[in-house]
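S.K.:
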Amino acid sequence: MIHQYKLNGYNIILDVYSASVHVTDDVAYDAIAMLDEKKDRDEIRKTLLERYRDRGVTDQDIDDTFSDIDELIGEGKLFAEDVFADKAFDLKAKSNVVKALCLLVAHTCNLNCSYCFASQGKFHGNQGLMSFETGKRALDFLVENSGLRRNLEVDFFGGEPLMNFQVCKDLVAYARSIEKEKNKNFRFTLTTNGVGLTDEVIEWANKECYNVVLSLDGRKEVNDRFRVDKAGHGSYDRIVPNFQKLVKARTNGTYYMRGTFTHYNTDFTKDIFHMADDLGFTELSMEPVVTDPKNPSALTEEDLPIIKEQYEILAKDMLRREEEGHPITFYHYMINLEHGPCIYKRISGCGSGTEYMAVTAWGDLYPCHQFVGDENYKLGNIWDGVTNTALRDEFKLCNVYSRPDCANCWAKLYCAGGCAANALHATGDIHGTYEYGCEVFKKRIECAIMIKVAEAKRQAQKAKE
Amino acid sequence: MKHIVTLDTRNVSAKDGGCGECQTSCIANQSCEH
Chain P
20 MIHQYKLNGY NIILDVYSAS VHVTDDVAYD AIAMLDEKKD RDEIRKTLLE RYRDRGVTDQ
80 DIDDTFSDID ELIGEGKLFA EDVFADKAFD LKAKSNVVKA LCLLVAHTCN LNCSYCFASQ
140 GKFHGNQGLM SFETGKRALD FLVENSGLRR NLEVDFFGGE PLMNFQVCKD LVAYARSIEK
200 EKNKNFRFTL TTNGVGLTDE VIEWANKECY NVVLSLDGRK EVNDRFRVDK AGHGSYDRIV
260 PNFQKLVKAR TNGTYYMRGT FTHYNTDFTK DIFHMADDLG FTELSMEPVV TDPKNPSALT
320 EEDLPIIKEQ YEILAKDMLR REEEGHPITF YHYMINLEHG PCIYKRISGC GSGTEYMAVT
380 AWGDLYPCHQ FVGDENYKLG NIWDGVTNTA LRDEFKLCNV YSRPDCANCW AKLYCAGGCA
440 ANALHATGDI HGTYEYGCEV FKKRIECAIM IKVAEAKRQA QKAKE
Chain S
1327 MKHIVTLDTR NVSAKDGGCG ECQTSCIANQ SCEH
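Just so you know, the protein sequences line up as chains P and S, in that order. Its first residue numbered 20, the first sequence is counted upward by one per residue in this note's numbering. Its first residue numbered 1327, the second sequence is counted upward by one per residue in this note's numbering.
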């Protein structure tokens, strides 16, 4: 299977099963398209000679093009066959190793964002804070069930995790005290709204957290539309200086400014550029809101072409910034063509419900933070382990090859079938597909690969000079 | 003349079943840590 598209002046062909990326001239682009349609080579030759007569294309050019194509087919880099389907069905036999937990240390929040999927941290249930004893047991559960995995990940999440900062701090100290003996490497991340970022928290986060995710939606009027406190006051003026202080002091580990765009700011590149140019942040992530379609903030079908255009604007602008020597990172354009994820990860996805789980403040286990509060998706608890093994098995088989809608999709080995929670909310089935999300995702991958193509061309040009 | 330029992309260093040492994505934006 191949995917062809033209973007920013490049003719790009992605070979799905080899993950090869080809950049072609117009003749080769059309020739490959016609071969994909199973057209006869004599017919292709005739069509191309006619189509490109004005450009002086000759029979020899067509021969050379076919020669290039045949070379790539021979190397398994073009029209490669799907040799991965069988691996998907081995996943049920996969071990029950757990390697990552999302710790909901606070089922409460000091903001009152109306679009919050977690209903301000309550997850449609009660408020509450995780005790140190529960958190400690969660870490022990993770170690006990992690097999030979060395890297273990724990995200402090909520609600607002900093409303339970002392427990976060004590849990990290506990983890550090056991990791050598257990031969584990704990990687902590923190997702915060920034309200509670004191100097003490900043020092701790920059020392202990491998990654911090900082929630900011961009421009003041955009952020303050939804991200308000209990009294309805916008949070921008309170949180931006805190974020700037944290980022300025951060010398190790990564951070992401993590925004949400909605129907009200489909011009979200302005928010990204505001965070980069006016606030000085370089590591950026901006996500489309996922909410009830009846919610006025929900993205609409009419928004889709605008959103796609925005992604193109962003990609081209990032190339400009890179050329001028002040690059920014956009999370969804980080694509590693030389050393990307292995095929097992590409098939099985994020591991929710199997190797990745969420732990509530009371120690209950769910497939991920987005399932918390839905009793149908409770897996067990950190004392008894996974007791709903049928549900875990269902998640083991929830992969890109189990989704009929994905069978002929060129992007399937980049998204692994997408997010199970989004699929459930959109279709009522974790094996479904959230089509709006698919459209957005595919556009982002096209832009990310185009950036790689442009960078490769630029490097080749510099090497020539 | 080459009509097609192929970027240097990587093929399956994955142990059987994947080694699982890479960061939990919560995919395309990840790197292998095997």
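Positions of the beta carbon are idealized from the N, C-alpha and C atoms, including for glycine.
Shorter than 7 Å, the distance from the beta carbon of ARG277/P to the closest heavy atom of the ligand SAM, or not?
M.R.: Absent from the structure shown: the ligand SAM. Ligands present: none.
S.K.: Could one say the Cβ of ALA475/P lies closer than 8 Å to chain S's Cβ atoms, at least one of them?
M.R.: yes
S.K.: Within 8 Å of any Cβ in chain S, is that where the Cβ of ARG74/P sits?
M.R.: No, ARG74/P lies away from the interface with chain S (no Cβ there is under 8 Å from its Cβ).
S.K.: How about LYS118/P: is its C-beta nearer than 8 Å to some C-beta of chain S?
M.R.: yes
S.K.: Find the nearest neighbour of PHE481/P within the set GLU152/P, ARG365/P, ASN418/P and GLU342/P, judged by alpha-carbon distance.
M.R.: This sequence places Lys at residue 481/P; Phe is not what is there. Selected option, being the one with the closest Cα: GLU342/P.
S.K.: Going by other Cβ atoms of all chains shown within 10 Å of its Cβ, with 16 needed for buried, is ALA137/P buried or exposed?
M.R.: buried
S.K.: Compare the C-alpha of ASP448/P against each of PHE390/P, LYS155/P and ALA473/P and name the closest.
M.R.: Distances from the alpha-carbon of ASP448/P to those of PHE390/P, LYS155/P and ALA473/P put PHE390/P closest.
S.K.: Closest to ARG17/P by C-alpha separation, out of ASN225/P, ILE366/P, LYS141/P and MET337/P, would be which residue?
M.R.: Look at the range of chain P in this structure, 20 to 484, and you will see that residue 17/P is not part of it.
S.K.: Could you compute how far the alpha carbon of MET1327/S sits from the alpha carbon of VAL472/P?
M.R.: Because MET1327/S carries a pLDDT of 46, less than 50, the predicted location of this residue cannot be relied on, and the following value inherits that uncertainty. Roughly 19 Å separates the two Cα atoms.
S.K.: Counting only Cβ pairs nearer than 8 Å, list the residues of chain S close to SER39/P.
M.R.: THR1332, LEU1333 and THR1335
S.K.: Specify, as a first and last residue, the run of the alpha helix (DSSP H) that GLY93/P falls within.
M.R.: 78 to 93
S.K.: For the alpha helix (DSSP H) that contains GLU198/P, what are its first and last residues?
M.R.: 184 to 201
S.K.: I'd like to know whether the C-beta atoms of TRP402/P and GLY147/P end up nearer to each other than 8 Å.
M.R.: no
S.K.: Taking VAL46/P as the query, report the chain S residues whose CB atoms sit under 9 Å from its CB, ordered along the chain.
M.R.: HIS1329
S.K.: List, from N- to C-terminal side, the beta strand (DSSP E) runs of 3 residues or more that fit wholly inside the region 243 to 284 of chain P.
M.R.: 273 to 280
S.K.: Look at the alpha carbon of GLY479/P and the alpha carbon of ALA47/P, and state the distance between them as a whole number of angstroms.
M.R.: Correcting the residue identity first, residue 479/P is Ala in this sequence and not Gly. Between ALA479/P and ALA47/P, the C-alpha separation is close to 20 Å.
S.K.: Can you give me, in chain order, the residues of the region 360 to 380 of chain P that have a beta carbon less than 8 Å from any beta carbon in chain S?
M.R.: PRO360, CYS361, ILE362, TYR363, LYS364, ARG365, SER367, GLY368, CYS369, GLY370, SER371, GLU374 and TYR375
S.K.: Could you check which residue in GLY437/P, PHE175/P, LYS462/P and ALA467/P has the C-alpha nearest to that of TYR453/P?
M.R.: Of the candidates GLY437/P, PHE175/P, LYS462/P and ALA467/P, the residue whose Cα lies closest to the Cα of TYR453/P is GLY437/P.
S.K.: For ILE464/P, decide whether its Cβ has a neighbour in chain S, counting only Cβ atoms nearer than 8 Å.
M.R.: yes
S.K.: Drop a sphere of 10 angstroms on the beta-carbon of VAL102/P, count the other beta-carbons inside from all chains shown, and report buried for 16 or more, exposed for fewer.
M.R.: exposed
S.K.: Is there a Cβ from chain S that is less than 8 Å from the Cβ of THR319/P?
M.R.: no
S.K.: Report the residues of the region 328 to 355 of chain P with a CB closer than 7 Å to any CB of chain S, ordered along the chain.
M.R.: TYR350, HIS351, MET353, ILE354 and ASN355
S.K.: Quick one: what does DSSP say ASN441/P is sitting in, helix, strand or coil?
M.R.: Residue state, collapsed to three classes: helix.
S.K.: I need the straight-line Cα distance from PHE207/P to THR1350/S, nearest angstrom please.
M.R.: 12 Å
S.K.: Just to confirm the assignment: which complete beta strand (DSSP E) runs, minimum length 3, are found wholly within the region 345 to 380 of chain P?
M.R.: 375 to 378
S.K.: Does any CB atom of chain S fall closer than 8 Å to the CB of HIS22/P?
M.R.: Using beta-carbon distances, HIS22/P does not count as an interface residue toward chain S, since no partner is under 8 Å.
S.K.: Counting only C-beta atoms, is ASP383/P closer than 8 Å to chain S at any point?
M.R.: No, ASP383/P lies away from the interface with chain S (no Cβ there is under 8 Å from its Cβ).
S.K.: So which of LYS397/P, SER234/P and LEU338/P has the shortest CA-CA distance to ARG277/P?
M.R.: Check the Cα spacing between ARG277/P and each of LYS397/P, SER234/P and LEU338/P: the tightest is with SER234/P.
S.K.: Report yes or no: is there a C-beta of chain S within less than 8 Å of the C-beta of LYS471/P?
M.R.: yes
S.K.: Let me know the secondary structure DSSP gives MET1327/S once reduced to three states.
M.R.: Confidence at MET1327/S is low in this model, with a pLDDT of 46, below 50, so the placement of that residue should be treated as unreliable; the coordinate-derived value is given next. Residue state, collapsed to three classes: coil.
S.K.: Taking contact to mean 3 or more Cβ pairs, one atom from each stretch, closer than 8 Å, check whether the region 236 to 245 of chain P and the region 195 to 203 of chain P are in contact.
M.R.: no
S.K.: Listing by chain order, which chain S residues have their CB less than 7 Å from the CB of ARG168/P?
M.R.: GLY1346 and GLU1347
S.K.: Distance cutoff 8 Å, beta carbons only. Does HIS358/P sit that close to anything in chain S?
M.R.: yes
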